[in-house]
Amino acid sequence: MYAFTYQRPSTLADAVAAAQDEDAKLLGGGQTLLPTLKQRLAQPSALVDLSGVAEMKGIKAVDGGLEIGAFTRHAEVAHSDLVKATIPALASLAEGIGDRQVRNMGTMGGSIANADPSADYPSAVVALKATVTTDRRTIAGDDFFTGMFETALEPGEIVKSVRFSTPDKAAYAKFRNPASRYAIVGVFVAKHGAEVRVAVTGAAGSVFRVPAFEAALAANFTAEALNGLSVSADDLNADLHASADYRAHLVTVMAKRAVEAAG
Amino acid sequence: MANPNGVGASVRRLEDPRFLTGRGNYTDDFKRPNMTHLVHVRSPYPHALVKGIDASAALAAPGVVAVLTGADMEADKVGSLPCGWQIHSKDGSPMKEPGHFPLARGRVRYVGDAVAVVIAETKDQARDAAELVVVDYEELPAVTASTRAVTAEAPQVHDEAPGNLCYDWHLGDKAAVDAAFAQAAHVATIDLVNNRLVPNAMEPRAALGEYDPSNGEYTLTTTSQNPHVIRLLMGAFVLGIPEHKLRVVAPDVGGGFGSKIFHYGEEAVVTWAAKKIGRPVKWTADRSESFLTDAHGRDHVSHAEMAMDQDGHFLALRVSTLANLGAYLSTFAPSIPTYLYATLLAGQYKTPAIYAEVKAVFTNTAPVDAYRGAGRPEACYLIERLVDIAAGVAGLDRAEIRRRNFIPASAMPYQTPVALQYDSGDFAKNLDIALPLVDYDGFAARKAASKAKGKLRGIGFSTYIEACGIAPSNVAGALGARAGLYECAEVRFHPTGSVTVFTGSHSHGQGHETTFAQLVAERFGVPIENVEIVHGDTAKIPFGMGTYGSRSLAVGGSALVKAMDKVERKAKKIAAHMLEAAETDIEVKDGRFTVAGTDKSLGIGDIALQAYVPHNFPLDELEPGLDEQAFYDPKNFTYPNGCHVCEVEIDPDTGVTQVVAFSAVDDFGNVINPLIVEGQVHGGIVQGIGQALLENCVYDDESGQLLTGSYMDYCMPRADDVPSFTVRYHEDQPCTHNPLGVKGCGEAGTIGASAAVMNAVVDALSAFGVTHLDMPATPEKVWRAIQNATPALAAE
Numbered sequence: 001m002y003a004f005t006y007q008r009p010s011t012l013a014d015a016v017a018a019a020q021d022e023d024a025k026l027l028g029g030g031q032t033l034l035p036t037l038k039q040r041l042a043q044p045s046a047l048v049d050l051s052g053v054a055e056m057k058g059i060k061a062v063d064g065g066l067e068i069g070a071f072t073r074h075a076e077v078a079h080s081d082l083v084k085a086t087i088p089a090l091a092s093l094a095e096g097i098g099d100r101q102v103r104n105m106g107t108m109g110g111s112i113a114n115a116d117p118s119a120d121y122p123s124a125v126v127a128l129k130a131t132v133t134t135d136r137r138t139i140a141g142d143d144f145f146t147g148m149f150e151t152a153l154e155p156g157e158i159v160k161s162v163r164f165s166t167p168d169k170a171a172y173a174k175f176r177n178p179a180s181r182y183a184i185v186g187v188f189v190a191k192h193g194a195e196v197r198v199a200v201t202g203a204a205g206s207v208f209r210v211p212a213f214e215a216a217l218a219a220n221f222t223a224e225a226l227n228g229l230s231v232s233a234d235d236l237n238a239d240l241h242a243s244a245d246y247r248a249h250l251v252t253v254m255a256k257r258a259v260e261a262a263g
Numbered sequence: 001m002a003n004p005n006g007v008g009a010s011v012r013r014l015e016d017p018r019f020l021t022g023r024g025n026y027t028d029d030f031k032r033p034n035m036t037h038l039v040h041v042r043s044p045y046p047h048a049l050v051k052g053i054d055a056s057a058a059l060a061a062p063g064v065v066a067v068l069t070g071a072d073m074e075a076d077k078v079g080s081l082p083c084g085w086q087i088h089s090k091d092g093s094p095m096k097e098p099g100h101f102p103l104a105r106g107r108v109r110y111v112g113d114a115v116a117v118v119i120a121e122t123k124d125q126a127r128d129a130a131e132l133v134v135v136d137y138e139e140l141p142a143v144t145a146s147t148r149a150v151t152a153e154a155p156q157v158h159d160e161a162p163g164n165l166c167y168d169w170h171l172g173d174k175a176a177v178d179a180a181f182a183q184a185a186h187v188a189t190i191d192l193v194n195n196r197l198v199p200n201a202m203e204p205r206a207a208l209g210e211y212d213p214s215n216g217e218y219t220l221t222t223t224s225q226n227p228h229v230i231r232l233l234m235g236a237f238v239l240g241i242p243e244h245k246l247r248v249v250a251p252d253v254g255g256g257f258g259s260k261i262f263h264y265g266e267e268a269v270v271t272w273a274a275k276k277i278g279r280p281v282k283w284t285a286d287r288s289e290s291f292l293t294d295a296h297g298r299d300h301v302s303h304a305e306m307a308m309d310q311d312g313h314f315l316a317l318r319v320s321t322l323a324n325l326g327a328y329l330s331t332f333a334p335s336i337p338t339y340l341y342a343t344l345l346a347g348q349y350k351t352p353a354i355y356a357e358v359k360a361v362f363t364n365t366a367p368v369d370a371y372r373g374a375g376r377p378e379a380c381y382l383i384e385r386l387v388d389i390a391a392g393v394a395g396l397d398r399a400e401i402r403r404r405n406f407i408p409a410s411a412m413p414y415q416t417p418v419a420l421q422y423d424s425g426d427f428a429k430n431l432d433i434a435l436p437l438v439d440y441d442g443f444a445a446r447k448a449a450s451k452a453k454g455k456l457r458g459i460g461f462s463t464y465i466e467a468c469g470i471a472p473s474n475v476a477g478a479l480g481a482r483a484g485l486y487e488c489a490e491v492r493f494h495p496t497g498s499v500t501v502f503t504g505s506h507s508h509g510q511g512h513e514t515t516f517a518q519l520v521a522e523r524f525g526v527p528i529e530n531v532e533i534v535h536g537d538t539a540k541i542p543f544g545m546g547t548y549g550s551r552s553l554a555v556g557g558s559a560l561v562k563a564m565d566k567v568e569r570k571a572k573k574i575a576a577h578m579l580e581a582a583e584t585d586i587e588v589k590d591g592r593f594t595v596a597g598t599d600k601s602l603g604i605g606d607i608a609l610q611a612y613v614p615h616n617f618p619l620d621e622l623e624p625g626l627d628e629q630a631f632y633d634p635k636n637f638t639y640p641n642g643c644h645v646c647e648v649e650i651d652p653d654t655g656v657t658q659v660v661a662f663s664a665v666d667d668f669g670n671v672i673n674p675l676i677v678e679g680q681v682h683g684g685i686v687q688g689i690g691q692a693l694l695e696n697c698v699y700d701d702e703s704g705q706l707l708t709g710s711y712m713d714y715c716m717p718r719a720d721d722v723p724s725f726t727v728r729y730h731e732d733q734p735c736t737h738n739p740l741g742v743k744g745c746g747e748a749g750t751i752g753a754s755a756a757v758m759n760a761v762v763d764a765l766s767a768f769g770v771t772h773l774d775m776p777a778t779p780e781k782v783w784r785a786i787q788n789a790t791p792a793l794a795a796e
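What follows is the structure, encoded as structure tokens:
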């Protein structure tokens, strides 16, 4: 890796100040950034390590849901009694991210700010009608992800926490890349009263919802309701591991499995 | 068993505490005063002319000591990396052997080909400066696929190898095969690819070169499976350093799987550069470099046909294979698709006539050489897939067609039509043990239960045989080997009765420090903790050919037995003198030397002390000391064999294949340490499952780039990809020609497993009309096979 300066602020305000340098990078759990640096694919002037910012940590119950600090590691979400009791699908998603080493380091804020098209959390942010609170504002989960590795965040803007709505029922079903264990297709299905959300990650450049699936499930929340429904393979990702056709097929399969798991 | 740590005991590995507590000493752990760090500048292009190298900016960068190129090596008369095996084509002409230089000279031929090296005070400084070396490349068209390399319009990798052909070789009796096919009642046919693999040893390759101007001695510390071979090849052919001025040390080595047999350019570069700059030079590959430059494995494209009579008896086998050798000949590359592949095509079957043709081609990819199994997995996979297809054609059960064609134990020793002579083996017995073990009769019920869950279940067999401990030297020499294939051992008793064994075998995970110590403990009755096994240093070990091809115990262990024989003979003479008895009256058992019919006896420790403090010693007959050396040249290969049975469940909605059961029944001859044997089998099976379902090295034939250059895309098997294995072995068929009766177990799992898995996958898909899938059977490939099924079948 190339040389950089390193800071570890203890308040969000200090972190925001430290991140003003346009070549600075925010360091969450480092599960994407550190390998990138090691491979000399990025050359930031400074790393602003967010692990010392207390106000970005913790999981708490709030009216209608959960608020999870951006610097909460995947393993903490996975093993939190509060998350398991309130939104078990979210704990289960976190337990399926990467491997144990990744889960012990990676953070929720880092994951959503990076907006990897095959990351798991974006599907939960969208399906669980989340709002993302930053150092300066609140962004609706629906507006947060804007493209492949792109978000609504402004330069230097730092995610402070994510607030998820508790659904009536929800589950996440993931088809893993056997090598990287990222999602080739991950489908988060959540039922909020009469509304059903189906959010798909891994299949395209960014997380997307499937209105036809949502309508069918709103009318009849069973896997059979999705029979005969599919997404178009146009604009879906294709790589060594899965063609666009296959991904389109898996979206339906994983959506059905999520509905079955949600019960 | 007299000794609790003797032969047959599952002694826990003596080396493990060192490894498990991080106290191993690997090449990268060595630090020398004034040591420098070397980083390679490697070609980003699969094929290009190197028009110029501008190192001025790199030389001016902080900490840089030197930038060296192929031109510098050429000026110093550094030679080409030699190839250790010469194959002759059908027409008698020798294989094409283009130059293979440690640093490219004017042309690069694969992505990762080394162009220059930067040596600096720190590794980071070397890396920084390497980015400043400006190489002027003129790109040339490239080819990575063997099937395209043989076409008329394919780019030429080497001017001296027209049509990219290294050799066009054959083995067997073509006329007899043609005649048998003319008489056949049934013919089974298959076209298959044996997928290219990246070895992925846990420890990346590394090399540390040193030069001592006071005595002109070089030392190379390197991640090698065979340091003496590296000393010979690098000293004699590349750098021109005589053996007495070159020490090669292979310390703890973290896995090899064959990829660390070969003499690599980096070893020559650090050794040469150490003298040139007058300081020690260390290079350690990063993982990306390992993917690009470790010799890869497999990469065959084959067509095969089996002729049968009306009852499914095999009459003849015809095989045609295209083998990708990569851009240059790695050390043993030419022997892998020939004498380690085609010679195994008889398998366990009495097929009377076999003819194999092998075309080996150059491509713009990393060199391909031995990888765990080396030729034998390719042979086993081809035969065992073809036998399954033959069963379908002949309308026979897949176990039955195997049984019907097995070479019977009573026919041993058995001369195959493809050069080898099997010494022992009872293939029907392996199957007899396996069938109840896996509850073959209950498979239909299990399949029905899977179906009720919406899953497709399949079962597959692989009745494999392989050839280990390649030998004898004179025969291998006649077949093109440019080296001997013996092993050396020295047994040194110390005055107080402890023992040091010096072996030319090399352990890089196999557990020699335990198994070899057990042999000594058993033979002489010494506590196992009093035995030390030393390997991996040309300054300590008399000589050695190293470890590959599952040869350590069969060849290195046999050398150790011979050395122990010599020790015992001398000890007996000493004992006779000390006990004032005739030598013929001395009986030896478990390390005690007793005068027959008396209670007068001595332990080996008493004798060792007298050998070094010879106050009551036959000095007129014997020299003092108790230190003996032996070389052992095997009379034949050994032939481990067995029966692997795999069961898979496929999810038709996703195409995901899960290995739900895997059993191995093996004949490794006698077993010294069952625990280590079982571990070797487990690891081997996992690698075989890896090839069948997960691993695939992919080059983009258009761009020539390695697409699977990291673990993000190259899928190594993990613990949760495999089930618990059921492993059994029997010792009823010991090897008949080595003193231990051992056959070797290091590669068997890998050789047998892939075919068993794929036979199970194809069986599971048979309802959809699928008769073959190429490895790896990835979820999408399996799903597509189901989608492409004929509607009538799919509806069933």
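Heads up: the sequence lines are chains A and B, in that order.
Here the working numbering is used: the first residue of the first sequence is 1, the next is one more, and so on.
Here the working numbering is used: the first residue of the second sequence is 1, the next is one more, and so on.
From the three backbone atoms N, C-alpha and C, an ideal C-beta is built for every residue, glycine too.
Predicted model only: the values in this text are computed from it and were never measured.
C-beta atoms of residue i and residue j nearer than 7 Å
i: Pro46/B; j: Gly709/B; result: no
i: Ala13/A; j: Ser161/A; result: no
i: Phe30/B; j: Thr343/B; result: no
i: Gly642/B; j: Lys743/B; result: no
i: Trp283/B; j: Ala207/B; result: yes
i: Val231/A; j: Glu214/A; result: no
C-beta neighbour in chain B for residue i, strict 7 Å
i: Leu41/A; result: no
i: Tyr6/A; result: no
i: Ala115/A; result: no
Minimum Cβ-Cβ distance from residue i to chain A less than 7 Å
i: Leu197/B; result: no
i: Cys380/B; result: no
i: Thr654/B; result: yes
Close-in-space but distant-in-sequence residues of the same chain around residue i (CB under 6 Å, 5 per side omitted)
i: Gly511/B; result: Arg13, Ile676
i: Arg18/B; result: Gly24
i: Asp136/B; result: Lys51, Gly52
i: Ser118/A; result: Tyr182, Ala183, Gly202
i: Gly480/B; result: Trp85, Gln86, Ile87
i: Pro4/B; result: none
i: Met1/B; result: With a pLDDT of only 46 at Met1/B, under the threshold of 50, the placement of this residue in the model should not be trusted; the figure read from the coordinates follows. Only Gly8 meet the Cβ criterion.
Residue i, enclosing beta strand (DSSP E) - first and last residue
i: Phe164/A; result: 159-165
i: Arg247/B; result: 246-249
i: Asn194/B; result: 186-194
i: Gln225/B; result: Premise fails: Gln225/B is in no beta strand (DSSP E) and is neither H nor E.
For residue i, the first and last residue of its enclosing alpha helix (DSSP H)
i: Trp283/B; result: Run containing Trp283/B: none in the alpha helix (DSSP H); it sits in the beta strand (DSSP E), 281-284.
i: Trp272/B; result: 265-277
i: Val150/B; result: From DSSP, Val150/B is part of no alpha helix (DSSP H); its letter is neither H nor E.
Contact set for residue i: own chain, Cβ-Cβ below 8 Å, skip 5 residues either direction
i: Ser45/A; result: Phe4, Thr5, Asp21, Asp23, Ala24
i: His682/B; result: Phe725, Val727, Gly749
i: Glu796/B; result: Here the model assigns Glu796/B a pLDDT of 49, short of 50, so the residue's position is not dependable and the matter cannot be decided.
For residue j and residue i, believed in contact at Cβ under 8 Å, the rounded distance
i: Ala346/B; j: Ile354/B; result: 6 Å
i: Met308/B; j: Ala428/B; result: Their Cβ separation, rounded to whole angstroms, is 19 Å, which puts Met308/B and Ala428/B out of contact at 8 Å.
i: Asn548/B; j: Gln310/B; result: Here the sequence assigns Tyr to residue 548/B, which means Asn is not the residue at that position. Between Gln310/B and Tyr548/B the Cβ distance is about 43 Å, and since that is not below 8 Å, they are no contact.
i: Ala563/B; j: Glu513/B; result: No, Ala563/B and Glu513/B are not in contact; Cβ-Cβ is about 17 Å, not under 8 Å.
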